[in-house]
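Chemist: Numbers given in our numbering equal positions in the sequence shown, counted from 1, plus 2. For each residue, glycine too, the CB sits at the ideal point set by N, CA and C. Computed from a predicted structure; not experimentally measured.
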Amino acid sequence: MPGVVVRRRLNDTCPWDKMPACSRFPPCSPPRSHFLDTRVPGVAVLSRWFPTVLFAGALVLAFAGHWPGLLRTEQAFDSPAADDATIRQARQQAANLPAHFSWSDLPRPTPSAHAATLTEVLPMTTPENDAPVQLLAAWFGGSREGAGDVSLYQSDWSTGSPWQPAGVMMTREAVQRQMGRNIRKLGNPLLIAEPGRLQLYFVSVSYGGWAGSAINRSQSSDGGRSWSTPQRLITSPFFNLSTLVRNPGVWYTDGSLGLPVYHEFINKHGEWLHLTPDGRVVGKSRMSMPRATLQPAVVPLDRDHAVAALRDAGPGENRIQWSETRDAGQTWVQKSAREIPNPNSAAAMIGLQDGSLLMACNPIAGNRNRLSLLRSTDRGETWSLTRVVEESPDDRDEFSYPSLLQDRHGAIHLVYTWKRQGIRHAVFSQAWLNNPGNPIVPAVPQ
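1) So the alpha helix (DSSP H) residue 177 belongs to, where does it begin and stop?
2) Short of 8 Å in beta carbon distance, which residues of its chain neighbour residue 373, apart from the five on each side in sequence? Order them along the chain.
3) Report all residues from its chain with a CB closer than 6 Å to the CB of residue 308; omit the five preceding and five following residues, and keep chain order.
4) So, with DSSP's three-state summary, where would you put residue 189?
5) Between 397, 305, 383, which has its C-alpha nearest residue 345's C-alpha?
6) According to DSSP, is residue 87 helix, strand or coil?
7) From the DSSP output, which residues share a beta bridge with residue 353?
8) Can you tell me the Cβ-Cβ gap for residue 191 and residue 202, rounded? I've got them flagged as a contact below 8 Å.
9) Helix, strand or coil, according to DSSP, for residue 105 in the structure here?
10) So, using beta-carbon positions, are residue 243 and residue 285 closer together than 8 Å?
11) Residue 47: buried (16+ other C-beta within 10 angstroms of its C-beta) or exposed?
12) Tell me whether the beta-carbon of residue 321 lies closer than 8 Å to the beta-carbon of residue 349.
13) Could you tell me whether the Cβ atoms of residue 323 and residue 295 are closer together than 8 Å?
14) Buried or exposed for residue 249, please, with buried defined as at least 16 other CB atoms from any protein chain shown within 10 angstroms of its CB.
15) With H, G and I counted as helix, E and B as strand and the rest as coil, what does DSSP make of residue 436?
16) What distance in whole Å lies between the Cβ atoms of residue 172 and residue 188, which are believed to be in contact at a cut-off of 8 Å?
17) Roughly how many whole angstroms lie between the Cα atoms of residue 317 and residue 290?
18) Locate the beta strand (DSSP E) running through residue 270, then write down its first and last residues.
19) Just to check my reading of the structure: residue 198 and residue 163 have Cβ atoms closer than 8 Å, yes? What is that Cβ distance to the nearest angstrom?
20) By the three-class DSSP mapping on this structure, what secondary structure does residue 212 have?
21) Can you give the beta carbon distance from residue 149 to residue 109, rounded, assuming they're within the 8 Å contact cut?
22) Assuming the contact rule is C-beta atoms closer than 8 Å, residue 360 and residue 406 should be a hit. Round their C-beta distance to whole Å, please.
23) Using a 10 Å radius around the Cβ and a threshold of 16 neighbouring Cβ atoms, would you call residue 230 buried or exposed?
24) Report all residues from its chain with a CB closer than 6 Å to the CB of residue 115; omit the five preceding and five following residues, and keep chain order.
25) According to DSSP, is residue 136 helix, strand or coil?
26) Would you report the Cα separation of residue 279 and residue 259, rounded to the nearest angstrom?
27) Could you have a look at residue 34 and say whether DSSP puts it in helix, strand or coil?
28) Quick check for students: name the residue ranges of the beta strand (DSSP E) that lie wholly in the region 223-310, counting only runs of 3 or more.
29) Which residues bound the beta strand (DSSP E) around residue 206?
30) By alpha-carbon positions, which one of 120, 77, 306, 218 ends up nearest to residue 415?
31) In this structure, does DSSP put residue 51 in helix, strand or coil?
32) Helix, strand or coil, according to DSSP, for residue 68 in the structure here?
33) Quick one: using the 10 Å Cβ neighbour count with 16 as the cut-off for buried, is residue 314 buried or exposed?
34) If I measure Cβ to Cβ from residue 166 and keep anything under 6 Å in the same chain, skipping five residues before and after, which residues do I get?
35) Roughly how many whole angstroms lie between the Cα atoms of residue 384 and residue 179?
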């Protein structure tokens, strides 16, 4: 309580009213020798505000102590240079792969599903070249978005096999019990893989709407069969609210993680968190924009430079908004907007193995009934429409919230919300992307 704090001596840790019982310190002088004397004219006001000033100072110290990463440190993205030999080799391999495209739907255990995330499960040791690729997808499902019956679900897929029956990752009741706090609803999951370990980040709300969100972290060392007790990320020393996650992070060379997140309370904007390998937030920077923005998707271009595409949540005519960093995430500046329409909808963006960038988004005004792929070969400066994945003449239909991944064999995977009823998976080769004249052969599942 502030009253107890104010009545402490400034040169030790014993409250005045506890001094007789304290054997660690010698007897103390009277309190007024250490505080402003309110009987002195003109000092009463200062004395009255002293607890407030002291409390504010404590918050500042807590902030500084909790965010050591805000001090400038040397850090670099774990990203190859544009002329790296692995990129040159990937370009050659992509040119030799046949064009391929296929569809499948993930299991539908609930009436509504949304916000899928996708990752490749990586074994502890390097797999053989011919070993099948194993993917894990997660999403939230229930009667509707934001309902109390929403849980997080998962399903796994491997080369040559269908999606397995959906399993429950997290329920609202289980998270509430494990974390010992009220949980009103669950939201966006995000999967991140490293050799032998999976990380799950997800959104929870204790009170209010999405603006009252917090991010939680859980881990699995058995390929997603079991998950550890969630731990809440401390993303702000002030109430620790209104931080959400959506898109994948970027690894640093020291094994730490950069995580793109966003803030929804009062002002909507993107943020960048720097996390230690054990999930402790040690740095935070803001992606400032003149417009309201959400859900940054970040791709590193080299060890220092990265670009971010953000959902436009502002009024009027919406466009994908852009930010970039040239110091590995310590600071971000706005880039001029490309003319890519954005109906206040999430976008996904990844760097392909050949060095180009691929984006999945809804590049139309007002609705989400067309999902397209756009590509950039000049580090995000210009974009061209490559493919329309799915569209409908009905403006009420929705093909949204995409997640992209290129696996170690070079196949590109796309999962997205299908009409809010389920999650759809498309897998295709880079050669299919390179030849827009080659139509989608399989019929779109209905």
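Modeler: On the basis of the data shown:
1) Taking the sequence shown and counting its residues from 1, the one referred to as residue 177 is at position 175. Counting along the chain, the unbroken alpha helix (DSSP H) around residue 177 starts and ends at 174-181.
2) Taking the first residue of the sequence shown as 1, we reach residue 373 at position 371. Scanning its chain for C-beta atoms nearer than 8 Å, with the 5 sequence neighbours on each side dropped, one finds around residue 373 the residues 362, 363, 364, 390, 391, 392, 393, 401, 402, 404, 418, in chain order.
3) Numbered from 1 along the sequence shown, position 306 holds the residue referred to as residue 308. Excluding residues within five positions, the ones whose Cβ falls inside 6 Å are 300, 302, 327.
4) Walking along the sequence shown from the start, residue 189 turns up at place 187. Residue 189: strand per DSSP, three-state reduction.
5) Numbered from 1 along the sequence shown, position 343 holds the residue referred to as residue 345. Of 397, 305, 383, the residue nearest in Cα terms is 397.
6) In the sequence shown, residue 87 corresponds to position 85, counting from 1. Shown here, residue 87 sits in a helix according to DSSP, grouped into three states.
7) For this step, residue 353 is matched to residue 351 along the sequence shown. The partner list for residue 353 (beta bridge, DSSP) reads 359.
8) Sequence index remark: in the sequence shown, residue 191 carries index 189 (1-based). Sequence index remark: in the sequence shown, residue 202 carries index 200 (1-based). 6 Å between Cβ atoms; contact.
9) Indexing the sequence shown from 1 puts residue 105 at position 103. When DSSP states are grouped into helix, strand and coil, residue 105 belongs to the strand group.
10) As a position in the sequence shown, residue 243 is number 241, starting the count at 1. As a position in the sequence shown, residue 285 is number 283, starting the count at 1. Going by C-beta atoms, residue 243 is not nearer than 8 Å to residue 285.
11) The count along the sequence shown starts at 1 and reaches residue 47 at position 45. Caution applies to residue 47, whose pLDDT of 42 falls short of 50 and renders its modelled position unreliable; the model cannot decide the point.
12) If you number the sequence shown from 1, residue 321 lands on position 319. If you number the sequence shown from 1, residue 349 lands on position 347. Cβ atoms of residue 321 and residue 349: not closer than 8 Å.
13) Start at 1 with the first residue of the sequence shown, and residue 323 comes out as number 321. Start at 1 with the first residue of the sequence shown, and residue 295 comes out as number 293. Taking the C-beta atoms as reference points, residue 295 is found nearer than 8 Å to residue 323.
14) As a first step, residue 249 is located in the sequence shown; it is residue number 247 there, counting from the start. Label assigned to residue 249: buried.
15) In the sequence shown, the residue the question calls residue 436 occupies position 434. Looking at residue 436 - three-state DSSP - the assignment turns out to be helix.
16) By 1-based counting over the sequence shown, the position of residue 188 is 186. By 1-based counting over the sequence shown, the position of residue 172 is 170. The pair is a contact, with the Cβ atoms about 6 Å apart (cut-off 8 Å).
17) Here residue 317 refers to the residue found at position 315 of the sequence shown. Here residue 290 refers to the residue found at position 288 of the sequence shown. About 17 Å.
18) For the purposes of this step, residue 270 is taken as the residue at position 268 of the sequence shown. In the DSSP assignment, residue 270 falls outside any beta strand (DSSP E) and carries neither an H nor an E.
19) Locating residue 198 in the sequence shown gives position 196, counting from the first residue. Locating residue 163 in the sequence shown gives position 161, counting from the first residue. The pair is not a contact, with the Cβ atoms about 22 Å apart (cut-off 8 Å).
20) Indexing the sequence shown from 1 puts residue 212 at position 210. Residue 212 falls in the helix class under three-state DSSP.
21) Taking the sequence shown and counting its residues from 1, the one referred to as residue 149 is at position 147. Taking the sequence shown and counting its residues from 1, the one referred to as residue 109 is at position 107. Contact flag wrong, Cβ pair sits at about 19 Å.
22) Reading the sequence shown from its first residue, position 358 is the one you call residue 360. Reading the sequence shown from its first residue, position 404 is the one you call residue 406. Right, their Cβ atoms sit about 6 Å apart.
23) Numbered from 1 along the sequence shown, position 228 holds the residue referred to as residue 230. By the neighbour-count rule (16 or more Cβ atoms within 10 Å), residue 230 is not buried but exposed.
24) Working through the sequence shown from its first residue, we reach residue 115 at position 113. For residue 115, where only same-chain residues beyond five positions count, the Cβ hits under 6 Å are 141, 143, 424, 425.
25) For the purposes of this step, residue 136 is taken as the residue at position 134 of the sequence shown. Three-state DSSP puts residue 136 in a strand.
26) Taking the first residue of the sequence shown as position 1, residue 279 is located at position 277. Taking the first residue of the sequence shown as position 1, residue 259 is located at position 257. Those two C-alpha atoms are separated by around 7 Å.
27) Translated into the one-based positions of the sequence shown, residue 34 becomes position 32. Legend: pLDDT at residue 34 = 41, less than 50; position of this residue unreliable, value from coordinates given subsequently. Look at residue 34 here: in three-state DSSP terms it is helix.
28) Within the region 223-310, the runs of beta strand (DSSP E) that reach at least 3 residues and sit entirely inside it are, in chain order, 245-247, 259-265, 271-277, 283-289, 295-302.
29) Position 204 of the sequence shown, counting from 1, holds the residue named residue 206. It spans 199-207 - the beta strand (DSSP E) in which residue 206 sits, taken as one unbroken run.
30) Here residue 415 refers to the residue found at position 413 of the sequence shown. Minimum Cα distance to residue 415 is reached at 120.
31) As a working mapping, residue 51 is identified with position 49 in the sequence shown. For residue 51, the predicted model reports a pLDDT of 49, less than 50, meaning its position is unreliable; a value from the coordinates is still stated below. The three-state reading of DSSP puts residue 51 in helix, counting H, G and I together.
32) Residue numbering aside, residue 68 sits at position 66 when the sequence shown is read from its first letter. Because residue 68 sits at a pLDDT of 44, beneath the cut-off of 50, its placement in the model cannot be relied upon, and the following sentence gives the value as read from the coordinates. In the three-state DSSP reduction, residue 68 falls in the helix class (H, G or I).
33) If you number the sequence shown from 1, residue 314 lands on position 312. Residue burial is scored here from C-beta neighbours: residue 314 has at least 16 other C-beta atoms within 10 angstroms and is therefore classed as buried.
34) Indexing the sequence shown from 1 puts residue 166 at position 164. These residues qualify, in order along the chain: 157, 158.
35) Working through the sequence shown from its first residue, we reach residue 384 at position 382. Working through the sequence shown from its first residue, we reach residue 179 at position 177. The straight-line gap separating the alpha-carbon atoms of residue 384 and residue 179 is approximately 49 Å.
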